[in-house]
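> My questions all concern the structure below.
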Amino acid sequence: DTAVSQTPKYLVTQMGNDKSIKCEQNLGHDTMYWYKQDSKKFLKIMFSYNNKELIINETVPNRFSPKSPDKAHLNLHINSLELGDSAVYFCASSQGQGVGYGYTFGSGTRLTVV
Amino acid sequence: AQSVSQHNHHVILSEAASLELGCNYSYGGTVNLFWYVQYPGQHLQLLLKYFSGDPLVKGIKGFEAEFIKSKFSFNLRKPSVQWSDTAEYFCAVNAENTGFQKLVFGTGTRLLVSP
Numbered sequence: 041d042t043a044v045s046q047t048p049k050y051l052v053t054q055m056g057n058d059k060s061i062k063c064e065q066n067l068g069h070d071t072m073y074w075y076k077q078d079s080k081k082f083l084k085i086m087f088s089y090n091n092k093e094l095i096i097n098e099t100v101p102n103r104f105s106p107k108s109p110d111k112a113h114l115n116l117h118i119n120s121l122e123l124g125d126s127a128v129y130f131c132a133s134s135q136g137q138g139v140g141y142g143y144t145f146g147s148g149t150r151l152t153v154v
Numbered sequence: 002a003q004s005v006s007q008h009n010h011h012v013i014l015s016e017a018a019s020l021e022l023g024c025n026y027s028y029g030g031t032v033n034l035f036w037y038v039q040y041p042g043q044h045l046q047l048l049l050k051y052f053s054g055d056p057l058v059k060g061i062k063g064f065e066a067e068f069i070k071s072k073f074s075f076n077l078r079k080p081s082v083q084w085s086d087t088a089e090y091f092c093a094v095n096a097e098n099t100g101f102q103k104l105v106f107g108t109g110t111r112l113l114v115s116p
């Protein structure tokens, strides 16, 4: 049983296209996140949702739109893809926020924009 | 700005050498501290975490880390590395003064262990 699953694992697409990445967690966690890992391996938070409510939008271009239909799912839709969007996108979840709450990460989606 | 610093960007060791990777953070107040490992082509795996209590934390695969509050540090150690420890290592922090709302990562340390 995969705790945090992302699909697809690899995504190759042309500039200007629109694509979505899906994330699902079966841990019963309340909070979900999207992180971006760039070509230099730097990991930065993009979005955070708690019980379907947006908590953090970390100065991400509005071409990126997260959607959380329920607390077990957090999808990421990207419009008008650009070369600079090429990265590995990680979904994560946590049971709560505060002392003692850890994170579980998905296996990542490698997006390549050509 | 609040941040997490990993000063060693690349570390090269021979097998059986001892390892220490530095991590410093600039957040005040209560913090949760983590070390993650990313093996080539793979996802993030949790090595160990510190929430409270004993500042010396033991994790998987023989790794340990020590939280020194006065130095704002959480250095990762392993007495004897193996070739299979070749990976990218990330320190991460979430902090009370950001409402524990986000996990902030350091820039990572690439470890290469030669056989």
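Chains as they are written, first to last, in the working numbering: chain A, 41 to 154; chain B, 2 to 116.
Using N, Cα and C, we set each Cβ at its ideal position, and we do this for glycine too.
Quantities reported herein were computed from a predicted structural model and do not represent experimental measurements.
1) With a CB to CB cut of under 7 Å and the five nearest residues on each side skipped, what residues in its chain are close to B/GLY29?
2) What does A/LEU83 touch in chain B if you count any residue whose Cβ is under 7 Å from its own?
3) Hey, does A/GLN135 have any beta-carbon neighbour from chain B nearer than 8 Å?
4) Check whether chain A comes within 8 Å of B/GLY29, counting only Cβ atoms and requiring the distance to be less than that.
5) Report buried or exposed for A/MET55, applying the criterion of at least 16 other Cβ atoms within 10 angstroms of its Cβ.
6) Using a Cβ-Cβ cut-off of less than 7 Å, list which residues of the region 66–81 of chain B approach chain A; keep chain order.
7) Terminal residues of the continuous beta strand (DSSP E) containing B/ALA18?
8) Measure the CB-CB distance between B/LYS79 and B/LEU34 and report whether it falls below 8 Å.
9) Identify whether B/SER6 lies in helix, strand or coil by the three-state DSSP scheme.
10) Of all Cβ atoms in chain B, is any one closer than 8 Å to the Cβ of A/PHE130?
11) Grouping DSSP H, G and I as helix and E and B as strand, with all else coil, what is A/ASP110?
12) Any heavy atom of the ligand SAH within a distance shorter than 7 Å of the CB on A/GLN46?
13) Leaving aside the five residues before and after B/ASN95 along the sequence, list all residues of the same chain whose C-beta is less than 6 Å from its C-beta, in chain order.
14) Along the region 92–103 of chain A, where does the CB come closer than 9 Å to a CB of chain C? Name the residues.
15) Looking only at its chain, what residues have a beta carbon closer than 8 Å to the beta carbon of B/LYS59, apart from the 5 residues adjacent to it on each side?
16) Give the straight-line distance between the Cα atoms of B/ASN76 and B/VAL12, rounded to the nearest whole angstrom.
17) Count the CB pairs spanning the region 137–146 of chain A and the region 66–73 of chain B that are closer than 8 Å, and state whether there are at least three.
18) Could you confirm whether any beta carbon from chain A is found closer than 8 Å to the beta carbon of B/ASN98?
19) Against chain B, with Cβ distances strictly below 8 Å, would A/SER108 count as a contact?
20) Per DSSP, which one or two residues make a beta bridge with A/HIS117?
21) Would you mind giving the Cβ-Cβ distance between A/CYS63 and A/GLN46, rounded to the nearest angstrom? I have them listed as a contact below 8 Å.
22) As a quick exercise: from A/VAL154, A/GLN65, A/TYR129 and A/GLN135, pick the residue whose alpha carbon is nearest that of A/ILE85.
23) Is there a Cβ of chain A sitting closer than 8 Å to that of B/LYS50, yes or no?
Based on what the coordinates show:
1) Within its own chain, the residues whose Cβ lies closer than 7 Å to the Cβ of B/GLY29, once the five positions on either side in sequence are excluded, are ASN98, listed in chain order.
2) Per Cβ cutoff of 7 Å: PHE91 and PHE106.
3) Closer than 8 Å to the CB of A/GLN135 there is not a single CB belonging to chain B.
4) Contacts with chain A at 8 Å (Cβ-Cβ) do not include B/GLY29.
5) Here A/MET55 is exposed: its Cβ has fewer than 16 other Cβ atoms, across all protein chains shown, within 10 Å.
6) For the region 66–81 of chain B, the set of positions with a beta-carbon nearer than 7 Å to some beta-carbon of chain A is empty.
7) Neither: B/ALA18 is in no beta strand (DSSP E) and is coded neither H nor E.
8) Contact flag unset, no.
9) Residue state, collapsed to three classes: strand.
10) A/PHE130 counts as touching chain B.
11) Strand at A/ASP110.
12) What this structure holds is no ligand at all, so the ligand SAH is not there to describe.
13) So the list reads ASN33, PHE101 and LEU104, once near-sequence residues are dropped.
14) Of the protein chains in this structure, namely A and B, none is chain C.
15) A distance below 8 Å between beta-carbons, with the five flanking residues on each side excluded, links B/LYS59 to the following residues of its chain, in chain order: LEU49 and GLU65.
16) Here the alpha carbon of B/ASN76 sits roughly 14 Å from the alpha carbon of B/VAL12.
17) Note that the region 137–146 of chain A does not touch the region 66–73 of chain B; fewer than 3 beta-carbon pairs, one per stretch, sit closer than 8 Å.
18) Closer than 8 Å: no.
19) A/SER108 is outside the set of residues whose beta carbon lies under 8 Å from a beta carbon in chain B.
20) Answer is A/SER60 and A/SER105.
21) Confirmed, Cβ separation roughly 5 Å.
22) If you compare the alpha carbons of A/VAL154, A/GLN65, A/TYR129 and A/GLN135 with that of A/ILE85, the shortest gap goes to A/TYR129.
23) B/LYS50 has a beta carbon lying within less than 8 Å of a beta carbon in chain A.
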